Amino acid sequence: MSFSLLSLLSLLSLLSLLACSCTDTPDTGADDTDTDAEPEWGYSGETALNAYNPGYYIRYEVDAGSTLTWNGNVYDLVQFHFHGQSEHTIEGQHTAVEIHFVHARQDDATQLAVVAMLADADDVSGLVGVFDAGGALLFPDALALTESHEATALGGSVDLGAVFGFGKGTPLLHYGGSLTTPPCSEGVEFFVVGSLLPMLSADIAAFHAVYDYNYRPVQPLNGRIVTGWYVDR
Ligand SMILES: [Zn+2]
Numbered sequence: 009m010s011f012s013l014l015s016l017l018s019l020l021s022l023l024s025l026l027a028c029s030c031t032d033t034p035d036t037g038a039d040d041t042d043t044d045a046e047p048e049w050g051y052s053g054e055t056a057l058n059a060y061n062p063g064y065y066i067r068y069e070v071d072a073g074s075t076l077t078w079n080g081n082v083y084d085l086v087q088f089h090f091h092g093q094s095e096h097t098i099e100g101q102h103t104a105v106e107i108h109f110v111h112a113r114q115d116d117a118t119q120l121a122v123v124a125m126l127a128d129a130d131d132v133s134g135l136v137g138v139f140d141a142g143g144a145l146l147f148p149d150a151l152a153l154t155e156s157h158e159a160t161a162l163g164g165s166v167d168l169g170a171v172f173g174f175g176k177g178t179p180l181l182h183y184g185g186s187l188t189t190p191p192c193s194e195g196v197e198f199f200v201v202g203s204l205l206p207m208l209s210a211d212i213a214a215f216h217a218v219y220d221y222n223y224r225p226v227q228p229l230n231g232r233i234v235t236g237w238y239v240d241r
């Protein structure tokens, strides 16, 4: 299945959206009506891997300096984490993993932007040279972390420039939503990248050994407005 080959229109019709298991108020779409420009991507190369386990996923902190600019606001990339299976579906099918890159708005850190990338097993082109130099996502080390809120240096690094290196023409969808994990806040701009990220099957297995079902079931649109672009850069 080649996600990137789907037209934006069919992607829109295939996308299943999220709602929180917490009380979820449908987004009015008010935030979605005043922009038609795609985000500007500003991701600065390698970041060290510092992680902790807040109980529902492994949270990877990132070095400062990576930003997403959208609708006149600059968001700093703060952390990323993995869900298994994916929280969005393609043609009704989950992929093995979904990665959420969580950004906080510079002028109001309660306002978040999440870039979601769906990933599946691909041992030919799986993330070697993207997630750390050795290709391992350090899941065994990360998953050995006991529950805490203090980040531990795992060694290794992530090449954010490569992770966000999806090419011109990649479909990108946006909607206003909520966090899928506590506190499930509203005021989250979701961007879903329409190209599948390849991961090593060993990494996926290591992740699923502990976190097989930390995803939120897909939910109806609830009146949310979905916009989209083909990445142009
Ligand atoms: Zn998430």
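Be aware that the sequence shown starts at 9, since it is given in the numbering used here, and climbs by one per residue. Quick reminder that beta carbons are idealized off the backbone N, C-alpha and C, glycines included. Note that the coordinates shown come from a computational prediction; the quantities given were computed from them, not determined experimentally.
Extent of the continuous alpha helix (DSSP H) run through Ile-212: 209-216
Limits of the alpha helix (DSSP H) - the one that Leu-153 falls within: Neither: Leu-153 is in no alpha helix (DSSP H) and is coded neither H nor E.
Which listed residue (Leu-153, Val-123 and His-182) has its alpha carbon closest to that of Leu-168: Val-123
Outcome for Glu-48 when other beta-carbon atoms lying within 10 angstroms are tallied against a minimum of 16: exposed
Limits of the alpha helix (DSSP H) - the one that Gly-169 falls within: 168-171
Pairwise C-alpha distance: His-89 and Tyr-68: 6 Å
Distance between Gly-195 and Arg-232 (C-alpha atoms, nearest Å): 13 Å
Start-to-end residues for the beta strand (DSSP E) that takes in Gln-87: 81-91
At least 3 beta-carbon pairs within less than 8 Å: the segment 60-76 vs the segment 145-160: Segments in contact, yes.
Distance cut-off 6 Å: His-108 Cβ against heavy atoms of ligand 1: Yes - ligand 1 has a heavy atom lying nearer than 6 Å to the Cβ of His-108.
Stretch-stretch touch, CB-based, cutoff 8 Å, three pairs: the segment 99-106 with the segment 69-89: no
Test item: CB-CB of Asp-130 and Pro-179 under 7 Å: no
Cut-off 6 Å between Cβ atoms - residues of its own chain near Thr-118, not counting five sequence neighbours on either side: none
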